[in-house]
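Here the sequence shown is numbered in our numbering, starting from 6 and rising by one per residue.
Just below is one structure, and these are the notes that go with it.
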Amino acid sequence: MKEKILSSLGYGGLGVTLSFLLIVLFYPPYTAMNILIPIYIAGLFLGGSFGALKGKVKASGYAFLVGFLLTIALYILWLKIEFSMLYSFSLLVAVVFVMGFVSAESTLDVSIVPFAYFGGFVLANLLFMNSEISEIEGSTVSIVLVGIAGTVIATVVIFLKSFLENTARMSKKI
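Here's what the structure looks like:
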């Protein structure tokens with residue numbers, strides 16, 4: 006059951022990211038959100054359904070959760086207390102910690118990790134789209150930079166972990 010949930014989350018994050026790319030490519034910037042939200046929901050639902058039925062990924066599900074929860078934590082911290090950009094970058098340690106303990110199921114799982122993390126980031130931003138975050142100096146830049154840096158860090162950590170695991174497996178065969 007846990008594997009199906011993680012696969013559903015990983016592919017759901019991939020679906021949200023692909024929806025985001027579709028919107029950026031084909032819709033003008035002044036398009037109303039009531040037109041765009043169903044596209045995000047469709048991407049999340051289709052990706053999650055595919056992941057539950059056919060997918061077998063583990064690290065991508067954790068990447069989606071980390072991207073989603075880290076972005077929500079940043080929004081709450083920026084809205085409730087005085088926060089700084091330096092502190093927001095220190096939260097990226099959570100990405101290294103979680104992705105360092107998770108093993109990828111396959112090369113496909115490793116490939117989906119950045120898309121799943123970014124999908125969690127986009128989904129969390131959609132939840133806070135009507136907040137007054139833009140009035141707080143440095144908050145929007147901080148959240149976007151941490152989201153992009155988190156995607157890169159999650160990708161690098163899972164690639165490195167996968168490389169080290171495969172190298173150790175190969176050395177045992179020799």
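In this text, a Cβ means the ideal position worked out from N, Cα and C, and glycines have one as well.
Coil, strand or helix - residue i by DSSP
i, result
"Tyr92", "helix"
"Asn171", "helix"
"Pro33", "coil"
"Phe133", "coil"
Pair within 8 Å by beta-carbon distance, residue i and residue j
i, j, result
"Ile148", "Thr36", "no"
"Gly60", "Gly20", "no"
Span separating the alpha-carbon of residue i from that of residue j
i, j, result
"Gly143", "Leu150", "11 Å"
"Ser65", "Glu110", "9 Å"
"Trp83", "Val98", "18 Å"
"Pro119", "Leu96", "18 Å"
"Met104", "Val71", "9 Å"
"Leu8", "Phe55", "Reading off the sequence, residue 8 comes out as Glu, not Leu. Those two C-alpha atoms are separated by around 13 Å."
Minimum C-alpha distance to residue i - residue among the options
i, options, result
"Ile46", "Val29, Phe31, Leu23", "Leu23"
"Leu14", "Thr112, Ile86, Phe126", "Phe126"
"Tyr67", "Met134, Ser12, Met6, Asn130", "Ser12"
"Leu131", "Asn39, Val162, Lys178, Tyr32", "Asn39"
"Ile181", "Ile117, Ala57, Gly20, Phe164", "Nothing in the structure corresponds to residue 181, since the chain is present only between 6 and 179."
Inter-residue CB distance, residue i and residue j (contact presumed, cutoff 8 Å)
i, j, result
"Gly53", "Ala121", "About 11 Å; that fails the 8 Å criterion."
"Thr145", "Ile153", "The Cβ separation is near 13 Å, so there is no contact."
"Val101", "Ile158", "6 Å"
"Lys63", "Val107", "6 Å"
Heavy atom of the ligand NAD within 7 Å of residue i beta-carbon
i, result
"Tyr67", "Although the ligand NAD was asked about, the structure shown includes no ligands whatsoever."
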